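Worksheet: the structure to be examined is printed underneath.
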Amino acid sequence: MGDTTVLMTLRQFQQEQLLDLASHCDHNHQFLDHVRSVWWTLQNEFGNVPHQPYEKSLVKEPSAREVADAWTRADSKIRVCPGHFLPECARNPKGEYGEEYKLYGTLIHEGDRDELNRGYYTRAVKRARTAVGDAESAAQLLFSYQQRTAAFLLLVNIDEFRVMRWDRSGVIITEPVNYLRTIEGTRALLEVTYAFSKFSRARLGMDTTAVRLMEASCGWKRMDLLAQPSPDDLSYAEALFDRSIHEVFIDANVAATYGSFSPDANDTDLHYDPTHSCHNHVSSPPVIPVLEYIRNKFRESLVSGFPRYRLTVDGHDYLVGRPFFTKSGVVNRGTRGYIALEWETQRLVFLKDSWRVCKQGAEHEGAILSKLNEHGVQNIPTVVRYGDVCHVQGDLLEQMTETSDYHPVSGGKHVDLNLAPFADDVEKKGALEDVEQWFNAGTEQILKHPALEGLRDTVQLPLFYGHDSGPCPHAPKKAASMPDLPAFLLRPKPLATATAQHPRSSRDSQAAQGKDLLHLMHTRLVVKEICLPFTEFTSTRQLVHLIFDCVIAHGLAYKRCQYIHCDISEGNLLIYPHIRRTDKGVYGVSWRGMLSDWECAKTKTTTSDRLLWGTWDFMSAYRLLNLNEPATIPDELESFVHVLIYCAVFRVQSNIHPHCIKYFLEYYFSEHLRGPSGNLTCPRAKLSSLVCPGYLGPRLTMSGVAIIFSTPGRQLADQHTLNQLIQNLFNLFHSRYAIDAWERKESDRRTQPSQAKYAKRASLEHHFRLANTLHHYSGLPKHVRAWPVGDVVPNRKDEELHTDEPSPAYDEEVTPQELGLFQLEDDQEAQKLLAELKPDSPPAEAVAPQTGNRNGEPAEPQNAPNAPDPDASSRPAKRRRLDPVVDEAALLRAESSTQRVTRSRSAAQAVAADFTRVTRSKTGKLPSQVAAAASAVPSASRGSDARTTTSRRRGGAASRNAPSKSRGR
Numbered sequence: 001m002g003d004t005t006v007l008m009t010l011r012q013f014q015q016e017q018l019l020d021l022a023s024h025c026d027h028n029h030q031f032l033d034h035v036r037s038v039w040w041t042l043q044n045e046f047g048n049v050p051h052q053p054y055e056k057s058l059v060k061e062p063s064a065r066e067v068a069d070a071w072t073r074a075d076s077k078i079r080v081c082p083g084h085f086l087p088e089c090a091r092n093p094k095g096e097y098g099e100e101y102k103l104y105g106t107l108i109h110e111g112d113r114d115e116l117n118r119g120y121y122t123r124a125v126k127r128a129r130t131a132v133g134d135a136e137s138a139a140q141l142l143f144s145y146q147q148r149t150a151a152f153l154l155l156v157n158i159d160e161f162r163v164m165r166w167d168r169s170g171v172i173i174t175e176p177v178n179y180l181r182t183i184e185g186t187r188a189l190l191e192v193t194y195a196f197s198k199f200s201r202a203r204l205g206m207d208t209t210a211v212r213l214m215e216a217s218c219g220w221k222r223m224d225l226l227a228q229p230s231p232d233d234l235s236y237a238e239a240l241f242d243r244s245i246h247e248v249f250i251d252a253n254v255a256a257t258y259g260s261f262s263p264d265a266n267d268t269d270l271h272y273d274p275t276h277s278c279h280n281h282v283s284s285p286p287v288i289p290v291l292e293y294i295r296n297k298f299r300e301s302l303v304s305g306f307p308r309y310r311l312t313v314d315g316h317d318y319l320v321g322r323p324f325f326t327k328s329g330v331v332n333r334g335t336r337g338y339i340a341l342e343w344e345t346q347r348l349v350f351l352k353d354s355w356r357v358c359k360q361g362a363e364h365e366g367a368i369l370s371k372l373n374e375h376g377v378q379n380i381p382t383v384v385r386y387g388d389v390c391h392v393q394g395d396l397l398e399q400m401t402e403t404s405d406y407h408p409v410s411g412g413k414h415v416d417l418n419l420a421p422f423a424d425d426v427e428k429k430g431a432l433e434d435v436e437q438w439f440n441a442g443t444e445q446i447l448k449h450p451a452l453e454g455l456r457d458t459v460q461l462p463l464f465y466g467h468d469s470g471p472c473p474h475a476p477k478k479a480a481s482m483p484d485l486p487a488f489l490l491r492p493k494p495l496a497t498a499t500a501q502h503p504r505s506s507r508d509s510q511a512a513q514g515k516d517l518l519h520l521m522h523t524r525l526v527v528k529e530i531c532l533p534f535t536e537f538t539s540t541r542q543l544v545h546l547i548f549d550c551v552i553a554h555g556l557a558y559k560r561c562q563y564i565h566c567d568i569s570e571g572n573l574l575i576y577p578h579i580r581r582t583d584k585g586v587y588g589v590s591w592r593g594m595l596s597d598w599e600c601a602k603t604k605t606t607t608s609d610r611l612l613w614g615t616w617d618f619m620s621a622y623r624l625l626n627l628n629e630p631a632t633i634p635d636e637l638e639s640f641v642h643v644l645i646y647c648a649v650f651r652v653q654s655n656i657h658p659h660c661i662k663y664f665l666e667y668y669f670s671e672h673l674r675g676p677s678g679n680l681t682c683p684r685a686k687l688s689s690l691v692c693p694g695y696l697g698p699r700l701t702m703s704g705v706a707i708i709f710s711t712p713g714r715q716l717a718d719q720h721t722l723n724q725l726i727q728n729l730f731n732l733f734h735s736r737y738a739i740d741a742w743e744r745k746e747s748d749r750r751t752q753p754s755q756a757k758y759a760k761r762a763s764l765e766h767h768f769r770l771a772n773t774l775h776h777y778s779g780l781p782k783h784v785r786a787w788p789v790g791d792v793v794p795n796r797k798d799e800e801l802h803t804d805e806p807s808p809a810y811d812e813e814v815t816p817q818e819l820g821l822f823q824l825e826d827d828q829e830a831q832k833l834l835a836e837l838k839p840d841s842p843p844a845e846a847v848a849p850q851t852g853n854r855n856g857e858p859a860e861p862q863n864a865p866n867a868p869d870p871d872a873s874s875r876p877a878k879r880r881r882l883d884p885v886v887d888e889a890a891l892l893r894a895e896s897s898t899q900r901v902t903r904s905r906s907a908a909q910a911v912a913a914d915f916t917r918v919t920r921s922k923t924g925k926l927p928s929q930v931a932a933a934a935s936a937v938p939s940a941s942r943g944s945d946a947r948t949t950t951s952r953r954r955g956g957a958a959s960r961n962a963p964s965k966s967r968g969r
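Heads up: the sequence shown at position 84 corresponds to 84 in UniProt numbering, and the numbers run straight through without jumps.
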């Protein structure tokens, strides 16, 4: 988190983040007297008041509970923050919270005292590894329960405090300040709380466009009503209906107006302002029927105790409860998904609340989707409206992150390293005040100081564990969980001398922190479709067809609008159940794949200074091995294959033991390995399966063992169509890495990828090959019948708790309804879409490069691949080796200390299925150029000169003519 953290002095924080609102307190005698009173009260509550002259207490280090209680008691006697109070921290009914818990308190405005709920305003949460992690957990609670743009936190560690300001870009943290040792430290603390009390709601980090609904409001009661089941709601399972359905599902004109507000305001008792108090609903608009899962999700969002809000998007009101999807953490785009009630039309829609990257040339996701909708791209969300969020109160306008202003390059602010730390300022001021001197000396006249007037009756001298003489009080020890941050910024090392090519920038000294800060802007997007998670598929055949739909969406977006998604992941692929009509006039529900979350999309001409967009788990192996290169079409298509594997591991039975699923997910998807250069690289299972396969060739493996998917009862395993599909896809995408290794001189120099591999790699530049393969397996009747029925399980993660239970029975019968729902219409539509995605002409790279001649010169082009060789009649026919050459480099990479690889003839044939070795004939002549072109050995691309090529060939001939013990094998 250090790259999104900005450290600064308290003085600079007060000036820039607290707007110097407490600067006038320097000459306010009433404020200075209040500071002394708070200082003394805190000393008394912590038990630091001496019992008799020249004595000090040897108290133990206070616990989190003791510190929290001391602050609460002190605040109850004399307010720490004007207009706010600090309630008692949470207590455990079963006993006191242990040291593994962190206690959070909240300064609450006096106007909210009647609504105080201790379980909401104060919490006890298990500690994180560091105190900064504890602070982030507290900030996450605020961001998850409230509609916020930022949050101020006061991190108290016994006798020290830090001030933090969190937003979606990062966190600003001040130096630690001791508020007990001196009155100046207490004054600094109270200046912070005073400025806090003077802030507007927008400055406090509240989203002023979000209005909280009260239980008596019209919107609250309407949400409760719409959460109840409707008799006209329909099941969302893929099936044909045997009954009549509501006209809303059939007629688009009826659906556009049914249930909306009537132009005549007397026709309904709903208020146009959903926050208005309401007592009854006599003639409310009719409830609009929906599919059952939409009603269920909306009901689940209305959680008791969770606040409901009215959000505004482009001037229209939307009512939301708890988000059914939220991004964990604080420093991210803060994406939250709601099932929202559009108040004007009374329809349930999907509302996405997030923070988008704000920079020149960056497009709004709503603008991208609108353009795709205009060009008729299928299987993507339909935009209702979108817009950036602006404050409606206070002196702020657009809701943007402020921490990003301290980016060392693009930010408009910088940390002032010339400001002295707070402790140095205190020392420069000279002698302490009288009350501090008397306190430190332990004089018996301490209670007679004028500054403590009115507090003498409240002071209770503590009972001491022992006595020790000394001139100053015993300082408490620092807690072990103190943030691992310097007391102040370490000045960076001297920079190298500037040159004409690289002039020294005035901001170079700030590059030590905040280099990963992103400038983000708050935005909202409303779309029509409310979808299911992608893991809700009911069969493997359906899973493949859903991915096919998403590949079609990606291909059409690129073909018609030149957009690349750049974030293909399991979370961004959704299932959209919708009503369809067969050619016989029967209505039913059909599921199709939906490709969502286009916020990272870019075009061919888009330039980005941040190349690593996307989800790490589903990135292609090539991108993970080349993090400095942008995403391309082959990378995007490979990500779809990884989504297929991810869903299959969760929902399809396999030879992966339930206890090992989490390890496979780590080794194939989420693992962050570092290569020899220290850079992040590809997870090991993805690398060994696709990039550097073993002697069996590219296939899905874990620790050298092939992953085989089967039916729940394991009656159908190796013959399962899913295994055949994954094997074909791995062979297709491995061609890219095999050719790349050859061109980089990383593979065996005796073998070269065949023309088939070059053709496969060229086909990855377009969507047609992958889309056609998926449709070939999931759409055509002869392949549909090969898919078993009911071959998925609820969730394989749950099997870890029920490993002893018997597997469900397996039924091989394929019912006619499984095959014929909307198959004819789907096949006809798919053929049209595939025809559009088909490339106009075959790529030039589909033909392998030509081989050089005997002198190392490039071969002349041939008009016909099968042209006769002019020298064929003057020399014996060429001899071709029967046993193909093994890729020794791949074998060595596949070996480990605990695994033995046998290089048998059959294994060699398996790994070299796409490789060919051309040998010399008995006369010593090389094959003709036509034959050499058929093998396609690009010597020029390897960088070999003529002498090296000729000497290698001569050496090969000499070795074959020499006697060898292995010749008789």
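Positions of the beta carbon are idealized from the N, C-alpha and C atoms, including for glycine.
The model shown is predicted, which means the values in this text are computed figures rather than measured ones.
Span of the beta strand (DSSP E) around residue i
{"i": "His766", "result": "Note, His766: premise wrong, no beta strand (DSSP E); not H, not E."}
{"i": "Thr312", "result": "Tyr309 to Val313"}
{"i": "Arg243", "result": "Element bounds for Arg243: n/a, residue is neither H nor E."}
{"i": "Asn795", "result": "Premise fails: Asn795 is in no beta strand (DSSP E) and is neither H nor E."}
{"i": "Ile579", "result": "Leu573 to Arg581"}
{"i": "Leu319", "result": "His316 to Val320"}
Reference residue i, options the options, closest by Cα
{"i": "Glu300", "options": "Gly376, Ser23, Gln228 and Glu136", "result": "Gln228"}
{"i": "Ile78", "options": "Thr535, Trp591 and Asn44", "result": "Asn44"}
{"i": "Thr681", "options": "Asp635, Ala621, Ala631 and Leu696", "result": "Ala621"}
{"i": "Asn728", "options": "Tyr758, Leu774 and Ser76", "result": "Leu774"}
{"i": "Cys81", "options": "His29, Ala22, Val49 and Asp251", "result": "Ala22"}
{"i": "Trp616", "options": "His34, Arg581, Ser670 and Trp591", "result": "Ser670"}
{"i": "Phe618", "options": "Gly675, Ser677 and Ala685", "result": "Ala685"}
{"i": "Pro421", "options": "Arg162, Ala74 and Asp314", "result": "Arg162"}
Expected contact under 8 Å - CB spacing of residue i and residue j to nearest Å
{"i": "residue 986", "j": "Val392", "result": "Since the first and last residues shown for the chain are 1 and 969, residue 986 lies out of range."}
{"i": "Phe733", "j": "Leu700", "result": "Between Leu700 and Phe733 the Cβ distance is about 12 Å, and since that is not below 8 Å, they are no contact."}
{"i": "Leu595", "j": "Cys550", "result": "4 Å"}
{"i": "Glu175", "j": "Thr401", "result": "With a Cβ gap of about 22 Å, Glu175 and Thr401 do not count as contacting."}
{"i": "Pro285", "j": "Asp317", "result": "No, Pro285 and Asp317 are not in contact; Cβ-Cβ is about 15 Å, not under 8 Å."}
{"i": "Ser230", "j": "Arg308", "result": "Their Cβ separation, rounded to whole angstroms, is 21 Å, which puts Ser230 and Arg308 out of contact at 8 Å."}
{"i": "Ala771", "j": "Gly593", "result": "Actually they do not touch by this definition, with Cβ atoms about 12 Å apart."}
{"i": "residue 971", "j": "Gly205", "result": "Since the displayed the chain opens at 1 and closes at 969, residue 971 lies outside it and no answer follows."}
{"i": "Gln17", "j": "Asp207", "result": "Going by Cβ atoms, the distance from Gln17 to Asp207 rounds to 19 Å, so no, they are not a contact pair."}
{"i": "Phe241", "j": "Tyr587", "result": "5 Å"}
Residues of its chain near residue i, where Cβ-Cβ distance is below 7 Å and the 5 sequence neighbours each way are ignored
{"i": "Leu518", "result": "Ser169, Val357 and Ser404"}
{"i": "His246", "result": "Asp232 and Pro289"}
{"i": "Phe31", "result": "Cys25"}
N- and C-terminal bounds of the alpha helix (DSSP H) containing residue i
{"i": "Asp549", "result": "Thr540 to Cys561"}
{"i": "Thr72", "result": "Ala64 to Lys77"}
{"i": "Ile633", "result": "Ile633 to Arg651"}
6 Å CB neighbourhood of residue i in its chain, flanking five on each side removed
{"i": "Val171", "result": "Thr5 and Met164"}
{"i": "Leu722", "result": "Thr540 and Phe709"}
{"i": "Tyr737", "result": "Val691"}
{"i": "Cys660", "result": "none"}
{"i": "Lys352", "result": "Gly337 and Leu525"}
Neighbourhood of residue i by C-beta, 8 Å cutoff - its chain only, sequence neighbours within 5 removed
{"i": "Gly329", "result": "Glu136 and Gln140"}
{"i": "Asp811", "result": "Note that Asp811 scores a pLDDT of 45, beneath 50, so its modelled location is shaky and nothing firm can be said."}
- Meets three-Cβ-pair contact criterion under 8 Å: the segment 148-156 and the segment 365-383: No, they do not touch.
- Task: Determine contact between the segment 537-548 and the segment 569-577, defined as no fewer than three beta-carbon pairs at a distance below 8 Å.
- Result: By the C-beta criterion, the segment 537-548 is judged to be in contact with the segment 569-577, since at least 3 inter-stretch pairs fall below 8 Å.
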